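Number of protein chains: 2
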Amino acid sequence: TSSEREGHSSTQSSHRLLAYSDALISIIATVMILPVAHTKFEGNEELKQSFQLLLTTKIAVYLMTFLIVTVAWAAHIRLFQVIERIDDCLALLNLACMMLITFLPYTFSLMATFPEKILGILLFCACVMVIGLIQAVIVIYAFSRPFLLNEQIQISENQAYYKHHILKVIMRVPIMCLFASIFSFIFFQLSYVILAIVIFLPYISQSLKWCRSKALGHSLEETPDSMLFYTYHPNEPLSKERVEAFSDGVYAIVATLLILDICEDNVPDPVMVQQKFGGSLVAALQEYGPEFLAYFGSFATVGLLWFVHHSLFLHVTITSRLMGLFNTFSLAFVGGLPLAYELTHEFPRDSRNALEAVQISCVIIFFAGVFQLAIWVAALFDERRTLHPLVRYGGRDHAFMLAKLALYPCVSLGTFFLTCALSEFSTSIFHLMQLGVPVAFLLLRLLVSVGLALLRPLLAALRKQPEAAA
Amino acid sequence: TSSEREGHSSTQSSHRLLAYSDALISIIATVMILPVAHTKFEGNEELKQSFQLLLTTKIAVYLMTFLIVTVAWAAHIRLFQVIERIDDCLALLNLACMMLITFLPYTFSLMATFPEKILGILLFCACVMVIGLIQAVIVIYAFSRPFLLNEQIQISENQAYYKHHILKVIMRVPIMCLFASIFSFIFFQLSYVILAIVIFLPYISQSLKWCRSKALGHSLEETPDSMLFYTYHPNEPLSKERVEAFSDGVYAIVATLLILDICEDNVPDPVMVQQKFGGSLVAALQEYGPEFLAYFGSFATVGLLWFVHHSLFLHVTITSRLMGLFNTFSLAFVGGLPLAYELTHEFPRDSRNALEAVQISCVIIFFAGVFQLAIWVAALFDERRTLHPLVRYGGRDHAFMLAKLALYPCVSLGTFFLTCALSEFSTSIFHLMQLGVPVAFLLLRLLVSVGLALLRPLLAALRKQPEAAA
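Going line by line, the protein sequences match chains A and B. Residue numbering for the first sequence follows the numbering used here, starting at 40 and increasing by one per position. Residue numbering for the second sequence follows the numbering used here, starting at 40 and increasing by one per position.
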């Protein structure tokens, strides 16, 4: 194949293509929170019902988009774990694929706004089918130039079998979408069911396999060990690099979404400043005080959640599919933070709505933190394979890592109950919490060091006893 | 220092921290195009003057923000070329620094909207001074734990000299900002001059040095060779990885900015669809046809510009400061694309404004492409150091790379003149161009391959002659 490689334009490392795709996908996944956050409450009590309905619809669209985009992203990871090098043609095909993925959120908005029209379903199915076809073309193209493939497949004898298997898995989704679009003409409710099946296909097929293996009595391990790709096993590794790149993208977008709004909406109008505040810009900006506080608060919270994520993944060696799933859930809640902050400064202080807004923020932060903790717990179950020795059970940094991961869930839970008890100070308590947590992270380091310093002689004494006994 | 390292919490590779910072900075740099793109033209002829003034102000804010943010980013690169490993404390300090950098665009908006009030200047100077202080703290902290530093400094004997030099360079900017903020109380125009000097400081100091060396007659090379960092020499290498990460961020944001607007604004209202279009969703969506065309067109253009950038940087081995500067200019024009596309579908077809919008788009694409070409030309001047052998002058892919880089400037120039001649078809020509270019990229590959296949025997014949002569 060396002469073949010579003949073509130089093949390229796929690293940057994947980083760019991760950036695009993470933006698209997070962006649908904007229509939710920008929903304005009119203040009319009669409209409250329809407002809540609208908000619920939009939140559902956001969550569905996040889910579907991360499913598309997982498929993309799997594809480019098989294809490790690219050339110009693959790069262009991948860009076409990305263009269609970024269009998916719009089809979802259509579906949510017009649930009874079939246009949304048809557009969505068309996009997914074209994406599937492009991916199939990518696979066929790559298998026709084997030097682009993963080395394990390159040296394998049954390349044809791999190709067949991968194509079969890839084409499953477009074929189901074809059925969904056909059924939409007859009985459109069924189409939604089929689409839901498509999204949860990996999990459904996995649990079916598990049930069958339990029923027939032989263990899961008997699946042919040679098939390392496209297995949908919860232990199947996901590229850790890409999980990090995707998470970074989401955290970066969420951290900056509020400054976007501030730059656009919160620059006062010169005429208004002259008339209303007698030309005093400082007085005019004081109106926007809560917005600035919300911005710095949200940046600090998102930044620190990123910091916890970063600390955790420094010590993770392999990311399994299950850890990836928990990571996705955590990111979905992180993506909800701008909504919470918009709510925090939307309502006047000391109103009942302000209390609700603060409590929603606490709940969102709590779940974002808890799912980060869940990643670690999932990793601990298979710690020899997935974790660095330092943070394994009994490792030197085990306690420190646990403290880092537990800080946000504990603090947000504490704030939640405190605001319940002292509801008139809810906003102040919340802002105090936001400012306090960075300090807590710095203190945590000291506290854990002190704690470890105190524990070490104790542990040493305990260790000596068995030695003496031996 | 091994025991020191043991005593502290584990040091960490800075890779992901830098990737996250690059993502944040690229978002902030690009985001100020949104207020420009969202400026609505009222259609009133009397207001046209004030509309143009507003647009010019906002474009100036965008360009200034882009410039200042990339200057901050270059300073960040330089800092983390010295500090190669991080710990938790540095990560938190860096996040604080990032928070202030993301706030800079707002202070610029204030300055542009209220050029005669000093609050904008004061806020900006305060941010820059705090950023400078945090960076100084980072440097002092890192030099107190030398295992965090670059290996060259770690083994060097005059660490104290390095520390002194770096602190001196870093503190120059906050000190000038202190002066600017003091002068703002006395004579605020001077503050703007000082701020402009701060931004162009590296280039000014470099050209002063060059003039002095010319005047005194000895060459530039006599500066102590040991000082590899913070030299501001145009050949000083910038981390290629970070230039790529920053560019990826900008391209990704720009590619998705339009889908953001589409998802928020272009989902028709169910009541409106019922009343105006008799319940036909397809008819309602046809209203938005130009928006969708603009989205796919902009995604394709940005995606292909990214593709050219990617192809170029695959063959670049070292990025110099000059190449980084051209890259920044190219990205600033890429960031302007959403504005051009908003304009394209804002105005009715066949009006004079539509022609202007199409031509502005062409100009923006032309400059984005030309500055990419400039990166390559700058690289060719020092090709042994900066380029891969394949694309050097005379290399196998030299012609192909030139063709790739020249495609967009040529096509946009052609479209520009074609729209001048056939002004009534301007929009159609523009859309045809956008759809044609991806095909052109695929054909380019074929054409260059065919061209090379034809040239090869010719070149071989030419090569044989000198050999025969020898």
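Backbone N, C-alpha and C fix where the C-beta goes; we use that ideal spot for every residue, glycine too. Quick caveat: nothing in here was measured; it's all calculated off a predicted structure.
Query: I'd like the ranges of any alpha helix (DSSP H) spanning at least 4 consecutive residues and lying wholly in the stretch 206-257 of chain A.; Result: 227-255
Query: Name, please, each residue of chain B whose Cβ falls closer than 7 angstroms to the Cβ of A/L320.; Result: F153, K156 and L158
Query: Compare the C-beta of B/V70 against all C-beta atoms of chain A and say whether one is closer than 8 angstroms.; Result: yes
Query: Between B/T109, B/M472 and B/L429, which has its C-alpha nearest B/T356's C-alpha?; Result: B/L429
Query: Got a sec: is the Cβ-Cβ distance from B/Q51 to anything in chain A below 8 angstroms?; Result: yes
Query: Which residues of chain B have a Cβ atom closer than 9 angstroms to the Cβ of A/F338, listed in chain order?; Result: L134, M137, M138, T141 and F142
Query: For the pair the stretch 417-435 of chain B and the stretch 470-481 of chain B, tell me if three or more CB-CB distances fall below 8 angstroms.; Result: no
Query: Would the beta-carbon of B/I403 fall within 8 angstroms of that of B/L382?; Result: no
Query: Distance check for B/Q313 and A/K156, CA to CA, integer angstroms please.; Result: 12 angstroms
Query: Taking just the CA atoms, how far does A/H354 sit from A/R423?; Result: 12 angstroms
Query: Using the Cα positions of B/P74 and B/L94, report the straight-line distance between them to the nearest angstrom.; Result: 9 angstroms
Query: If we call anything under 8 angstroms between Cβ atoms a contact, is A/V450 one with A/V373?; Result: no
Query: Cβ closer than 8 angstroms: which chain B residues qualify as neighbours of A/A499?; Result: In chain order: nothing, as chain B lies at least about 16 angstroms away.
Query: Which one of A/G336, A/A175 and A/R124 has the shortest CA to CA distance from A/E190?; Result: A/R124
Query: Would you list the residues sitting across from B/L444 in a DSSP beta bridge?; Result: In the DSSP output, where bridge partners are listed per residue, B/L444 has none listed.
Query: Taking CB distances under 8 angstroms as the criterion, tell me whether A/T295 reaches chain B.; Result: yes
Query: Applying the 10 Å Cβ sphere with the 16-neighbour rule, what's the burial state of A/V100?; Result: buried
Query: Run through the DSSP bridge pairs and tell me what A/Q51 is partnered with.; Result: A/I125
Query: Among B/R281, B/S337, B/M210 and B/V176, which residue has its Cα nearest to the Cα of B/P377?; Result: B/S337
Query: Beta-carbon within less than 7 angstroms of A/A175's beta-carbon, same chain only, minus the 5 sequence neighbours each way: which residues are those?; Result: L206, I209 and M210
Query: So, with DSSP's three-state summary, where would you put B/T78?; Result: coil
Query: Along the chain, where does the alpha helix (DSSP H) containing B/S350 start, and where does it finish?; Result: G328 to L353
Query: With distances taken between CB atoms, is the gap from B/I66 to B/G288 smaller than 8 angstroms?; Result: yes
Query: What residue range is occupied by the uninterrupted alpha helix (DSSP H) comprising A/Y290?; Result: K279 to D304
Query: Need the endpoints of the alpha helix (DSSP H) that B/P36 sits in, please.; Result: Given a span of 40 to 509 for chain B in the structure shown, any question on residue 36 of chain B remains unanswerable.
Query: Please report the distance separating the alpha-carbon of A/I98 from that of A/N133.; Result: 30 angstroms
Query: Taking 8 angstroms as the threshold (beta carbon to beta carbon), is A/V512 in contact with chain B?; Result: What the structure shows of chain A is the stretch from 40 to 509, and residue 512 of chain A is not part of that stretch, so it cannot be assessed.
Query: Can you check whether the C-beta of A/D127 is within less than 8 angstroms of a C-beta belonging to chain B?; Result: yes
Query: Is the distance from the Cβ of A/L394 to the Cβ of A/S462 below 8 angstroms?; Result: yes
Query: Can you check whether the CB of B/F335 is closer than 8 angstroms to the CB of A/M138?; Result: yes
Query: Between the stretch 146-162 of chain A and the stretch 342-349 of chain B, do at least 3 Cβ pairs fall closer than 8 angstroms?; Result: no
Query: Of all the CB atoms in chain A, is at least one closer than 8 angstroms to the CB of B/P309?; Result: yes
Query: Compute the Euclidean distance between the alpha carbons of B/A291 and A/F406, then round it to the nearest angstrom.; Result: 28 angstroms
Query: Measure the C-alpha to C-alpha separation of A/Q120 and B/G171 and round it to an integer number of angstroms.; Result: 42 angstroms
Query: Closer than 8 angstroms by beta-carbon distance: list the chain A residues that pair up with B/L481, in chain order.; Result: C128 and L131
Query: Return the chain-ordered list of same chain residues with a C-beta closer than 7 angstroms to the C-beta of A/L229, the five sequence neighbours on each side being excluded.; Result: F222
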